[in-house]
Each structure stands twice: as C-alpha cells, then as structure tokens.
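Protein chains in written order, with this note's numbering: chain A, -10 to 211; chain B, -10 to 211.
For reference, the structure is listed below as structure tokens.
There are 2 protein chains.
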Amino acid sequence: MNRPLRTTAATVRRQPRNADTRQRLLDAGLAVFAAEGFRKATIQEISRRAGANIAAVSYYFGDKAGLYAAVFESAERQANDEDPWPLAGDGPPEQRLHAHIAGFLARLLDRDRRAVLAQLLAREMVEPTPALDRLVRRRMRSNHDHVATIIRELLGADADAETVRLCTLSVVAQCVFYRNSAPIVARLYPDLDPPAHLTQLADHITAFSLAAIRAQRAERAT
Amino acid sequence: MNRPLRTTAATVRRQPRNADTRQRLLDAGLAVFAAEGFRKATIQEISRRAGANIAAVSYYFGDKAGLYAAVFESAERQANDEDPWPLAGDGPPEQRLHAHIAGFLARLLDRDRRAVLAQLLAREMVEPTPALDRLVRRRMRSNHDHVATIIRELLGADADAETVRLCTLSVVAQCVFYRNSAPIVARLYPDLDPPAHLTQLADHITAFSLAAIRAQRAERAT
DNA sequence: GACCGGATCAAACGCGCATTTCAAACTGGC
DNA sequence: GCCAGTTTGAAATGCGCGTTTGATCCGGTC
C-alpha cells in the first residue's frame, strides 16, 4: 500500500536534514531496480522508500531512466571502491585461478549488498541498456583479461588465442551459471543452496577447469 | 466468462470458419513475448501481428497472462513434438555426450524458430512464472538426468552423487552461457558470432568437460 | 424465414504511473 | 529582515495499455 502521506504526516516525518535526498534515492533505487527490474519498478515506490517526494526523481535525475543510469553507475563505482579485485599476479597460476573464482562466486552469490550489482547485471542480460556497455568497458574487460592471462600461463605461452578464449569463457560460464540460472538449479535440486556452498563450488570449478586446461596443454604437446 | 467450447464434436464440425485466430494469436504472441518480454509486449502489437482484434485475446485466453501461459505451453509442446531429444543411450558415453551438447547448443543458439523457446526461457530466469515450474518438471528434468547418466558412466559407477551433480552442472553451464550471457560475450568479443560456430563450440565444450571428468575419475582412483 | 450462439469488431472505460506544475519551505549572503 | 537560489511538497496532467462493452456478422438448426 503506497498511499501518499498526508500533509501532517509529512511534516512529522521530517528526516535529518542532511541525509542527502539524492543519495537516499540512489540507495532506494538500487534496491528496487534490482528486485523488480526497470519496468516493474515504480518511482513512487522508490521515492517512498527514500522518504522523498516523487518530484525529487525528476529534479535530480531528469527521469526514471536517468535515475537508473545513475544508480547503475553509483553501484558500480561503490563496488569498485570498497571491494576492489585483486588483479595483482603473484603466486602459481593454479592458486590465482582459485582465488579469482572464489572471489567471483562471492560477488555473484553473496546474500548481502555485494551481489546486488550482479542482480542488476543479470537483468541487463535480457534487456541491455547503455549502462551495460560502460560496465563491460570499465570493469569486466579487465577482470576477463586477468583470467585469460592466468589461463594462458597454464596452457603454455604458445597456446593460440582461440583456445585461450574458449577456456576462459568455460571458466566464467561455470561461475555465472549459478546466478543467472539459479531458478533452474533451485527447481532441479530444491534442497540445494549454492550461496551456502561457496567454497565447495569454488573448489569444484577450479579443479574441473584446471584438469581440462592441463589436458588441452598435454594434447597440444603431442 | 465466455470461453470457446473445448474441442468436442461441435467445434470440429464448424471449423471451415476462420477458427485459426486462436492459433495465429499463439504464434504472434510467441514472437512478441520472446522479443520483448511479458511486460513490454503489448496485446495491441500481438493482435495486430495476428491480424486479429484486440478483444480476441480476452475472448480466447481471458487476459494477457493467460495468453502468455498458453503461448509458453504451446511452444513447449511444439518443440517436444517436432524436435524430440534423442534420449536413447547407445554408443560410447563420450560420443553421446558430444551429441547431446551439440543438440543442446543448437536449441539454444539456432537462429530460427527452435531457439525461441530458449529465449522465452531466458526471460523466465529473471522473472519466473508458474510456466517455469511446469517446463522444468516436464521437459528439463529428463534432459538433465540424461546428461547425469552419461557423466556417471564416465566417472565410474562408484562416483558419489555430489560429484556427478557438480560435473553435470558444469557441462550445462558452459552451454547455457553462450545464450544467457550473450550480451557480454558480444561486447567482449565484438567480432565473434557464436551461432556461426556451433560445431566448434560443441567440440570445445565436449573436450574440455571430458578431460575434466576423466581427471576426477583418475584422482578418485588414487 | 426466424432464431441461436459463437466469433469479430470498433469504441470506450479505467487504472497505473511517469512526468509536470507551481506554490511553499528552506538556505546562505547581504 | 529581505532576497535569490535551491530544495521539497501535494496535486494535476497526460498517456499507454489491459480490459470491457455492446453491436454486428455469420453458419447451422428448427
């Protein structure tokens, strides 16, 4: 029930003055857009949750699409800032691969705020917006290259680009699956709960992929 | 509530009439729902494409959601009928795995009608409806079990269920990825076109997975 | 021919929601 | 205390779209 507040209630409901309305809209927008998707989300609901007036969206962001873009960018920057990827490369490639897979899965499946960007992203898979292009350019490309580098090391320096690419995508695919196809997994194995088995999953995907990559290398050597 | 009679003798008798409006709505609905998604699709557009009046949707299916359910079910049955899975199991498991992966990829990525159900399904990943439950129960479970059987053969009869499940999902994940994450792949590798390289993809995924599975078996043997 | 009931049609209705409006409240600077 | 700017507010506007309505057509039956 999202009935607008009456005048008296509104004055009573005065928030701390400097809890910036703009920021509160971004936070509420992130939650609602992630939960409902762009079309289903209403700015009424978002501004209600933010304790702001409907007109505030237009005032700060122009329109609903502008709010969405700002929410996406803000979530992206926030994720980058407070939870940067460990792109440094030291240690054996096997170990780095495992670390990367574990971190990736956590970002995808974690129950709290970290996975909200992934949820937003999953919706972009089916209804891409310009925000997706930016995210790929700014954030995903480097991660992807990082995995590709590890895998090239594992395959040997003389592996052709094609093979590197296919193996990289196979690794990424196994991780992404547990988020983007979660409804299927949940229905096939109702008593299973992937977020609760992050480390087991990471171990499996790493072992599975390492074995496959080593075999490709061995075969090429013949 | 005015509904057309069920397919009793009465309906069959008077079919020279333009009784295929219902079917045309199903066809148009399939195309539009797959392309736009449930919310964005409009019944105006659907009935226009079907050459039918707007009221026909209400007349035949009650409402928009009813049309969607009917479209989904019809597409599902049609896919089952005219393009059944080869679930029979003869030949070496390696060969059956490859055949299954190739068939699966074709269903996911083919450019024509076969992949439309997969497109609809991809949307269900992000907004599940009751149609998804039915599809999993009726169609996906058996396919999944088929893959699991092959993989259990490859792993050896004494492999534990956990391992079988993880390996099965790893195989499925690699296939599904090229559809459900197509926007990402397209942006990471703009000059790549997965549907055009179906056999190469199938070969890679099979080889990759077979190597991984064999390694799991070997390790368990120690 | 008169009648019935299914099928189609154009038009209207009503609702949800994004967007706009314009006045009121607040802010800091003078 | 007054003013120009910014921010917030309740209510209005407009529109897209799902759904309904009531008329009309048409084949089959008596």
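Just so you know, even glycine gets a beta-carbon here, dropped at the ideal spot from N, CA and C.
What you are looking at is a predicted structure, and each value in this text was computed from that prediction instead of being measured.
| query | Ordered along the chain, which non-local residues of its own chain (more than five positions away) have a Cβ less than 6 Å from that of Ala68/A? | reply | Numbered from 1 along the first sequence, position 79 holds the residue referred to as residue 68/A. For Ala68/A, where only same-chain residues beyond five positions count, the Cβ hits under 6 Å are Leu106.
| field | Beta-carbon contacts of Ile194/B that lie in its chain and below 6 Å, excluding the five residues immediately before and after | value | Your numbering for residue 194/B matches position 205 in the second sequence. So the list reads Ile90 and Gln163, once near-sequence residues are dropped.
| message | Helix, strand or coil for Val115/A? Go by DSSP, reduced to three states. | response | By 1-based counting over the first sequence, the position of residue 115/A is 126. Of the three classes helix, strand and coil, the one that applies to Val115/A here is coil, per DSSP.
| query | Are the segment 185 to 204 of chain A and the segment 137 to 148 of chain B touching, with three or more C-beta to C-beta distances below 8 Å? | reply | With the cut-off at 8 Å, the segment 185 to 204 of chain A and the segment 137 to 148 of chain B do not touch.
| task | Return no unless some Cβ of chain A is closer than 7 Å to the Cβ of Ala159/B. | result | Here residue 159/B refers to the residue found at position 170 when the second sequence is read from its first residue. The amino acid at residue 159/B is misidentified as Ala; the sequence shows Ser. Answer yes: the Cβ-Cβ gap between Ser159/B and chain A drops below 7 Å somewhere.
| In its own chain, which residues sit with a C-beta less than 7 Å from the C-beta of Arg85/A, not counting the 5 before and 5 after it? | For the purposes of this step, residue 85/A is identified with residue 96 of the first sequence, where counting begins at 1. Taken in chain order, the residues that qualify are Gly78 and Ile139.
| request: Using a Cβ cut-off of 9 Å, pull out every chain B residue sitting near Glu65/A, in sequence order please. | output: In the first sequence, the residue the question calls residue 65/A occupies position 76. Those do not exist, as Glu65/A stays about 15 Å from chain B at its closest Cβ, beyond 9 Å.
| At a CB-CB cut-off below 9 Å, which residues of chain A make contact with Gln12/B? | In the second sequence, counting from the first residue as 1, residue 12/B sits at position 23. Correct list: empty, because the minimum Cβ distance to chain A is about 27 Å.
| task | Give the straight-line distance between the Cα atoms of Asp149/B and Arg154/A, rounded to the nearest whole angstrom. | result | Counting from 1 along the second sequence, the entry for residue 149/B is found at position 160. Counting from 1 along the first sequence, the entry for residue 154/A is found at position 165. Arg154/A has its alpha-carbon roughly 32 Å from the corresponding atom of Asp149/B.
| In whole angstroms, what separates the C-alpha of Leu94/A from that of Ala54/B? | Residue numbering aside, residue 94/A sits at position 105 when the first sequence is read from its first letter. Residue numbering aside, residue 54/B sits at position 65 when the second sequence is read from its first letter. Their backbone Cα atoms lie some 35 Å apart in a straight line.
| message | Taking its Cβ as the centre, do 16 or more other Cβ atoms sit within 10 Å of Arg238/B, making it buried, or is it exposed? | response | Outside the displayed span of chain B (-10 to 211) sits residue 238/B, for which this structure offers no information.
| Looking only at C-alpha atoms, which of Leu76/B, Leu110/B and Ala175/B sits nearest to Asn132/B? | Position 143 of the second sequence, counting from 1, holds the residue named residue 132/B. Measuring from the Cα of Asn132/B, the nearest candidate turns out to be Leu76/B.
| query | chain A beta carbons: is any one of them nearer than 7 Å to that of Arg112/B? | reply | Position 123 of the second sequence, counted from the start, is the residue given in the question as residue 112/B. Yes, its Cβ sits closer than 7 Å to a Cβ of chain A.
| Residue span of the alpha helix (DSSP H) that contains Val60/B, given as start and end | By one-based count along the second sequence, residue 60/B stands at place 71. Looking at the DSSP string, the run of the alpha helix (DSSP H) that includes Val60/B is Lys53 to Glu71.
| Which chain B residues sit within Cβ distance under 7 Å of Ala162/A? | Here residue 162/A refers to the residue found at position 173 of the first sequence. Residues of chain B with a Cβ closer than 7 Å to the Cβ of Ala162/A are, in chain order, Ala162, Gln163 and Phe166.
| task | Return the CA-CA distance between Leu124/B and Phe22/B, expressed in angstroms with no decimal places. | result | Here residue 124/B corresponds to residue number 135 of the second sequence, with the count starting at 1. Here residue 22/B corresponds to residue number 33 of the second sequence, with the count starting at 1. Taking the straight line from one Cα to the other gives about 17 Å.
| For Pro75/A, does the three-state DSSP call read helix, strand or coil? | Residue 75/A sits at position 86 when you count from the first residue of the first sequence. Per DSSP, reduced to three states, the secondary structure at Pro75/A is coil, with no helix or strand assignment.
| request: Verify whether the separation of the beta carbon atoms of Ile43/A and Ala17/A is less than 7 Å. | output: Against the first sequence, residue 43/A aligns to sequence position 54. Against the first sequence, residue 17/A aligns to sequence position 28. For Ile43/A and Ala17/A, no; Cβs fall outside 7 Å.
| Three-state secondary structure (DSSP) at Arg28/A? | As a working mapping, residue 28/A is identified with position 39 in the first sequence. Arg28/A: coil per DSSP, three-state reduction.
| query | Does DSSP classify Pro82/B as helix, strand or coil? | reply | If you number the second sequence from 1, residue 82/B lands on position 93. Pro82/B falls in the helix class under three-state DSSP.
| said: Considering only the alpha carbon of each residue, which of Ser47/B, Lys29/B and Ala137/B lies closest to Val115/A? | reply: As a working note, residue 115/A is residue 126 in the first sequence. Answer by Cα proximity: Lys29/B.
| request: Below 9 Å between beta carbons is the criterion; list the residues of the segment 184 to 196 of chain B that meet it against any residue of chain A, in chain order. | output: Gln189, Leu190, His193, Ile194 and Ala196
| Alpha carbon of Asp101/B to alpha carbon of Val46/B, nearest angstrom | Position 112 of the second sequence, counting from 1, holds the residue named residue 101/B. Position 57 of the second sequence, counting from 1, holds the residue named residue 46/B. If I take the Cα positions, the gap works out to 26 Å.
| request: Kindly indicate which residue of Ala88/B, Ala58/B, Glu62/B and Gly92/B has the alpha-carbon position closest to the one of Asp72/B. | output: Residue 72/B sits at position 83 when you count from the first residue of the second sequence. When only C-alpha atoms are compared, the closest one is Gly92/B.
| query | In chain order, which alpha helix (DSSP H) runs of at least 4 residues are fully inside the segment 105 to 176 of chain B? | reply | 105 to 113, 119 to 124, 130 to 144 and 150 to 169
| field | Three-state secondary structure (DSSP) of Ile90/A | value | On the first sequence, position 101 is the one that residue 90/A refers to. Reduced to three states, the DSSP call for Ile90/A is helix.
| query | How would you write the range of the alpha helix (DSSP H) that Ala207/A sits in, first residue to last? | reply | In the first sequence, residue 207/A corresponds to position 218, counting from 1. Ala207/A -> alpha helix (DSSP H) spans Leu187 to Ala210.
| query | What is the rounded straight-line gap between the Cα of Val103/A and the Cα of Arg66/B? | reply | Translated into the one-based positions of the first sequence, residue 103/A becomes position 114. Translated into the one-based positions of the second sequence, residue 66/B becomes position 77. Reading the sequence as shown, one finds Arg at residue 103/A and not Val. Cα-Cα distance, rounded: 40 Å.
| How about Asn132/B: is its C-beta nearer than 7 Å to some C-beta of chain A? | The residue you call residue 132/B lines up with position 143 of the second sequence. False, the Cβ-Cβ gap to chain A never drops below 7 Å.
| query | If Tyr167/A and Leu98/A are in contact, beta carbons under 8 Å, what's the gap, nearest whole angstrom? | reply | Residue numbering aside, residue 167/A sits at position 178 when the first sequence is read from its first letter. Residue numbering aside, residue 98/A sits at position 109 when the first sequence is read from its first letter. Right, their Cβ atoms sit about 6 Å apart.
| chain A beta carbons: is any one of them nearer than 7 Å to that of Arg41/B? | Translated into the one-based positions of the second sequence, residue 41/B becomes position 52. For clarity, residue 41/B is Ala in the given sequence; the question names Arg instead. No, Ala41/B does not count as interfacial toward chain A.
| Short check: CB of Phe27/B to CB of Tyr48/B, under 7 Å? | Sequence index remark: in the second sequence, residue 27/B carries index 38 (1-based). Sequence index remark: in the second sequence, residue 48/B carries index 59 (1-based). No, these two residues do not count as a Cβ contact at 7 Å.
| request: Let me know the secondary structure DSSP gives Leu14/A once reduced to three states. | output: Locating residue 14/A in the first sequence gives position 25, where the first residue counts as 1. It is helical.
| query | Using a C-beta cutoff of 7 Å, does Ala201/A count as contacting chain B? | reply | If you number the first sequence from 1, residue 201/A lands on position 212. Judged by the 7 Å Cβ criterion, Ala201/A is in contact with chain B.
| query | Residues of chain A with CB under 8 Å from Gln205/B, in chain order? | reply | Reading the second sequence from its first residue, position 216 is the one you call residue 205/B. Within 8 Å Cβ-Cβ: Ala196, Phe197 and Ala200.
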